[in-house]
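Down below is the structure, laid out as C-alpha cells.
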Amino acid sequence: MQVRNTKGWTAGRMLALVAALALSSSTAFADAKSKVVILATGGTIAGAGATAANSATYQAAKVPVDKLIAGVPELADVADVRGEQVFQIASESFTNEQLMTLGKRISALVKQDDVDGIVVTHGTDTLEETAFFLNLVVHSAKPIVVVGAMRPGTALSADGMLNLYDAVAVAAAKDSRGKGVLVTMNDEIQSGRDVTKAINIRTEAFKSPWGALGMVVEGKGYWFRAPVKRHTTNSEFDIDKIEKLAPVEIAYGYGNMSDMAYRAFGKDVKAIIHAGTGNGSVAKHIVPVLQELRGKGVQVIRSARVTGGGFVLRNAEQPDDKYDWVVSHDLNPQKARILAAVALTRTQDSKELQRIFWEY
Ligand code: DGL
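As numbered in mature numbering (1 follows the signal peptide of the UniProt record, and there is no 0), residues -30 to -1, 1 to 330 make up the sequence shown, in order.
Here is the structure:
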C-alpha cells in the first residue's frame, strides 16, 4: 500500500526528489568556480617598458587591474575573478598606513561569503614584508596569495602573466586553505613568512631559506610542506583591532660603523632592528648607545645582515639577557621590523617580544 502525505506525495517520489536535488546541488557545486578577488597595488607586474627588449628598464605601476585581468583570459578557467585597484605604486614606496589599508580591505573581503580567495598583485621590492604582515594580522583560513613579476608585461618572456595565473589558481584551490599567506613566483609556492627577494634582476628572485612549500604546474598546486609558525587564524594579532603600527627602524651593521643612525632613530622609535654582521654581532663601541636607548624604553632587536638559512642565537656571542635585548630568530631585518611593528601594538615587554619572535 502506498502512503501519501497531505500533498499526495508518495515516499518514493519524495526520495527521488531529494536525490535529484542532491545531485543537482553537488553538480552545481562541482561546477561552481571559486570566487577570487584580485587586489592590485602596482609594481612591475603592472609595469610597462618602451620596447620588448626592455626587461629591466621600465616604469612600474602603470597597468590597471582590469587590464591585468584582461591580459590573462585563462584566469576564467580556474576561478571567477574580479579586481580592485587598491593602490598604483612601486612597492619601495609602501607606507605603514598603506599596509594597514590593504590589510583592512582584505579582512573585510574574507568575511564575505562570496569571496573564496584573495590575490594581491604587488611590487617585488617589499612584497615579502607585505606578505608577512598579512600573515600576522588577517584572521582567515581562506587563501591569500601575494604575487609580483620581475619583468614588465611588455617584455619578451614576461613572467607576470603566468605568475598571476598561478596565484589565482592557488587562491582558488581548497588545499591552499589554512597554510598562511602564500607567494607564487616562478612556478613555486612560497610561505609569506619565509620568502625573501634574494636576487634583484632574475625571474627566480624569490627564495625561502627553509625551501618552498610547493609548486604550481599548469594551474595545479603540488604541496610538499606546510608552515609550522603561528599565522592568520592562529595569530594573537588582528588587523581589525590595530589602529596604527609602531614606529620601528633598521640600522645596518658593518665594519667601522658609527652609532649615528641609532642616535638619530632613538628619538622617534619604539624599537630598533640591528642588522648585525655575522650572528647579529654588535660592535663594542655601539653597545653604549644601545644601552642608553634601552634605558629610555626603546627595544633593541638583534637581527643579521647574513640571511638565507640560519638564525640569530640568543646569548651566544652577545649577552642578550644582560642587556635585555631581543633576537629576531631567523627573520631578516625587514621581516623583523614588520613583526616588531605589529607586536609593539600589544606589548612593550621584552620577554613577551622574545616569545613572539620565537612563535611567529
Ligand atoms: N619598483 C619595484 C617595485 O615596485 C619594481 C620591482 C618589481 O615590482 O618587480 O617593487
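Virtual Cβ for every residue (Gly too), placed ideally from N, Cα, C.
- Message: I need the straight-line Cα distance from PHE194 to LEU152, nearest angstrom please.
- Response: For the purposes of this step, residue 194 is taken as residue 224 along the sequence shown, with counting starting at 1. For the purposes of this step, residue 152 is taken as residue 182 along the sequence shown, with counting starting at 1. Taking the straight line joining both Cα atoms gives about 14 Å.
- Message: According to DSSP, is SER4 part of a helix, a strand, or is it coil?
- Response: The residue given as residue 4 occupies position 34 in the sequence shown. SER4 falls in the coil class under three-state DSSP.
- Cβ pair ALA234, ALA221 closer than 7 Å: On the sequence shown, position 264 is the one that residue 234 refers to. On the sequence shown, position 251 is the one that residue 221 refers to. No, they are not a contact pair.
- Taking all protein chains shown into account, decide if ASN133 is buried (16 or more other Cβ within 10 angstroms of its Cβ) or exposed. By 1-based counting over the sequence shown, the position of residue 133 is 163. When all chains shown are included, ASN133 counts as buried.
- Are the stretch 66 to 82 and the stretch 120 to 139 touching, with three or more C-beta to C-beta distances below 8 Å? no
- Could you give the DSSP three-state label for PHE207: helix, strand or coil? The count along the sequence shown starts at 1 and reaches residue 207 at position 237. Reduced to three states, the DSSP call for PHE207 is coil.
- Query: Relative to the ligand DGL, is the shortest distance from any of its heavy atoms to the C-beta of GLY93 smaller than 6 Å?
  - Reply: To locate residue 93, count along the sequence shown from 1; it is residue 123. Indeed, a heavy atom of the ligand DGL lies less than 6 Å from the Cβ.
- Task: State yes or no: is the C-beta of ALA111 within less than 7 Å of the C-beta of ARG147?
- Result: Within the sequence shown, the letter at position 141 stands for residue 111. Within the sequence shown, the letter at position 177 stands for residue 147. Yes, they are a contact pair.
- Any non-hydrogen atom of the ligand DGL within 6 Å of GLY19 CB: Looking up residue 19 in the sequence shown gives position 49. No.
- Query: Heavy atom of the ligand DGL less than 6 Å from the Cβ of GLY13, yes or no?
  - Reply: Start at 1 with the first residue of the sequence shown, and residue 13 comes out as number 43. For the ligand DGL, at least one heavy atom lies less than 6 Å from the Cβ of GLY13.
- Would you grab the beta carbon distance between VAL252 and GLN304 for me? Rounded to a whole angstrom, and I think it's under 8 Å. For the purposes of this step, residue 252 is taken as residue 282 along the sequence shown, with counting starting at 1. For the purposes of this step, residue 304 is taken as residue 334 along the sequence shown, with counting starting at 1. 19 Å between Cβ atoms; not a contact.
- Message: For ILE169, which residues in the same chain have their Cβ closer than 7 Å to its Cβ, ignoring the five residues on either side in sequence?
- Response: Translated into the one-based positions of the sequence shown, residue 169 becomes position 199. Annotation for ILE169: ALA175 place their beta carbon closer than 7 Å to its own, counting only its chain and skipping 5 residues before and after.
- Between GLY118 and the ligand DGL, is the CB less than 6 Å from at least one heavy atom? Residue numbering aside, residue 118 sits at position 148 when the sequence shown is read from its first letter. At least one heavy atom of the ligand DGL falls within 6 Å of the beta-carbon of GLY118.
- Determine the extent of the beta strand (DSSP E) in which residue 361 is found, giving its start and end residues. For residue 361 there is no data in the structure shown, the boundaries of the chain being -30 and 330.
- Output the residue ranges of the beta strand (DSSP E) runs that lie fully inside the stretch 142 to 200 and measure 3 residues or longer, sorted by chain position. Within the stretch 142 to 200, the runs of beta strand (DSSP E) at least 3 residues long that lie entirely inside it are, in chain order, 152 to 155, 158 to 161, 184 to 187 and 190 to 193.
- Message: So, with DSSP's three-state summary, where would you put residue 400?
- Response: Nothing can be reported for residue 400: it is not among the residues displayed for the chain, which extend from -30 to 330.
- If you run the structure through DSSP and keep just helix, strand and coil, what is TYR222? Within the sequence shown, numbered from 1, the residue matching residue 222 stands at position 252. Strand, per DSSP.
- Could you round the C-beta distance between LEU260 and TYR293 to whole angstroms and report it? I think they count as a contact, below 8 Å. Taking the first residue of the sequence shown as position 1, residue 260 is located at position 290. Taking the first residue of the sequence shown as position 1, residue 293 is located at position 323. Yes, LEU260 and TYR293 are in contact; Cβ-Cβ is about 7 Å, under 8 Å.
- Query: Shortest alpha-carbon distance to ASN302 belongs to which of ILE159, THR166, SER61 and VAL35?
  - Reply: Looking up residue 302 in the sequence shown gives position 332. Here the closest residue by C-alpha is THR166.
- Query: So does the stretch 84 to 97 actually touch the stretch 138 to 145, counting three or more Cβ pairs closer than 8 Å?
  - Reply: yes
- Task: Mind checking who GLU54 pairs with in its DSSP beta bridge?
- Result: Counted from its first residue, the sequence shown places residue 54 at position 84. According to DSSP, which records beta bridges pairwise, GLU54 is partnered with LEU9.
- Identify the continuous beta strand (DSSP E) that holds ILE271 and give its terminal residues. Within the sequence shown, numbered from 1, the residue matching residue 271 stands at position 301. Segment 269 to 274, the beta strand (DSSP E) holding ILE271.
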